[in-house]
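Chemist: The following block contains the structure, expressed as structure tokens.
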Amino acid sequence: MTVLKSNLCYLLFLSVFLGSCQNMKDTDLIFINDLSKLNREISGITLFPNEQIIYAINDSGNNNSIFLFDLKGNIQKEIRIPNTKNKDWEDLTYDNERNLYIGDFGNNNNDRKNLVVYKVSNISSNSPKVSEINFTLEDQEKFPPKKKKRNFDIEAMVYRNDFLYLFSKNRSSKFEGTTKLYKIPARPGDHMAKLIDTFSTCDDDKDCFITGAAINSDGSKIVLLTYNKLFVLSDFEGDQLFEGKIDKIKLNHYSQKEGICFKNDSVLLITDEGTGKSAGNLYEYYLH
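Take 0 as the starting number for the sequence shown in numbering that gives the first Met the number 0 and just add one per residue.
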């Protein structure tokens, strides 16, 4: 009886061990750390080039704070951003003058008329300054439109050459994978977001939503994030971001990934939201 129990325990251990090895083999994502439960709904991250601090935001239902993590995902500081509301903060990016841009443009029902990006300066001080970049989408006429035309939710943004580039998360009832690319000036005021291009990701409505974007330090490479994929854009010119080289990478790891940024030109940082009682996670991914 003792021998039988011993053999059963060994077989159980072996199956768990092999299963763990299989999971490690199936994905190139490298797990770094669990995040704090304060960031269960983390929706955007960014990192200034050559620095060691990750800036992070949560989405709707949370307060108007930016969290500062070390590269292991441990919270170092929380900064409340004055004169802002978190209606639905979805992405975070930066410019070369150390301004941060917070995209309050989550629009699940496609009915918002108050889309805004908060431009935050002096983020390293105890008194950051905020200005508003308000905008409307030039091709939206109804709030909301018919369900088959609901492609006005925005969850991804990058800064490039004094403009903000916004990517839509397609919520159309007849999903076919189209993300729309809009462009607005990165300066305070009221603007019309110009629709400049579209791109078809894939037709799986569970895995082809664009949920985050990142740009490398010299602006030559942009990565779009879904729950299980990366689209790496390079060799583009001007605003023709989809006319260059596009590499499609399957992560083999499905979760609600919404945060992405470049750690350096060859390494990405990725976060996902928590599920159930679990907090989200921080990962690394090495571009090949």
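Every residue, glycine too, gets a C-beta built ideally from N, C-alpha and C.
#1: Can you check which of these residues, Leu267, Leu67 and Asp110, is closest to Lys145 by C-alpha distance?
#2: Considering only their Cβ atoms, is the gap separating Tyr285 from Ala212 smaller than 9 Å?
#3: Going by C-alpha to C-alpha distance, which of Ser42, Ile31 and Pro48 sits closest to Asp217?
#4: Contact defined as beta carbons within less than 8 Å: I believe Ile80 pairs with Val115. What is the distance between those atoms, to the nearest angstrom?
#5: Cα separation between Phe208 and Arg39?
#6: Enumerate in chain order the residues of its own chain whose CB-to-CB distance from Asp234 is below 7 Å, with the five nearest sequence positions on each side excluded.
#7: Apply the 10 Å Cβ neighbour rule to Asp25 and answer buried if 16 or more other Cβ atoms are within range, or exposed otherwise.
#8: State yes or no: is the C-beta of Gly188 within less than 9 Å of the C-beta of Ile132?
#9: Which same chain residues, not among the five before or five after Gly176, have their C-beta less than 6 Å away from its C-beta?
#10: Using DSSP with H/G/I as helix, E/B as strand and the rest coil, what is Lys276?
#11: At the level of alpha carbons, what is the spacing between Ile65 and Gln51?
#12: Do Asn82 and Asp103 have their beta-carbon atoms positioned less than 9 Å apart in this structure?
#13: Would you give the residue range spanned by the beta strand (DSSP E) that Ile122 belongs to?
#14: Going along the chain, which residues of its own chain have a beta-carbon closer than 8 Å to the beta-carbon of Ile195, five neighbours each way excluded?
#15: Can you list, in chain order, the residues of its chain with a C-beta nearer than 8 Å to that of Tyr253? Leave out the 5 residues immediately preceding and following it.
#16: Taking the beta strand (DSSP E) that Ser42 falls in, what are its first and last residues?
Modeler: In short:
#1: With distances taken between Cα atoms, Lys145 lies closest to Asp110.
#2: Their beta carbons are not under 9 Å apart, which means Ala212 does not touch Tyr285 by this criterion.
#3: Out of Ser42, Ile31 and Pro48, Pro48 has the C-alpha closest to the C-alpha of Asp217.
#4: 12 Å between Cβ atoms; not a contact.
#5: Rounded to whole angstroms, Phe208 to Arg39 spans 20 Å at the Cα level.
#6: Its chain contains Gly243 and Lys244 as the residues whose beta carbon lies nearer than 7 Å to that of Asp234, once the 5 sequence neighbours on both sides are disregarded; these appear in chain order.
#7: Because the pLDDT at Asp25 is just 47, under 50, the model does not fix this residue reliably, and the value given afterwards should be weighed accordingly. Per the 10 Å Cβ criterion, exposed.
#8: Contact flag set, yes.
#9: Counting only residues of its own chain and dropping the five nearest sequence neighbours on each side, Gly176 has a CB closer than 6 Å to the CB of Ser199, Thr200, Cys201, Asp202 and Cys207.
#10: Three-state result, Lys276: coil.
#11: Rounded to whole angstroms, Ile65 and Gln51 show a C-alpha spacing of 16 Å.
#12: With respect to the 9 Å criterion, Asp103 and Asn82 are not classified as neighbours on the basis of their beta carbons.
#13: No beta strand (DSSP E) contains Ile122, which DSSP labels as neither H nor E.
#14: Its chain contains Leu180, Tyr181, Lys182 and Asp238 as the residues whose beta carbon lies nearer than 8 Å to that of Ile195, once the 5 sequence neighbours on both sides are disregarded; these appear in chain order.
#15: Exclusion of the five residues before and after Tyr253 leaves Asp206, Tyr226 and Asn227 as the residues of its chain whose Cβ lies within less than 8 Å of its Cβ.
#16: Counted as a single uninterrupted DSSP element, the beta strand (DSSP E) harbouring Ser42 occupies residues Ile41 to Thr45.
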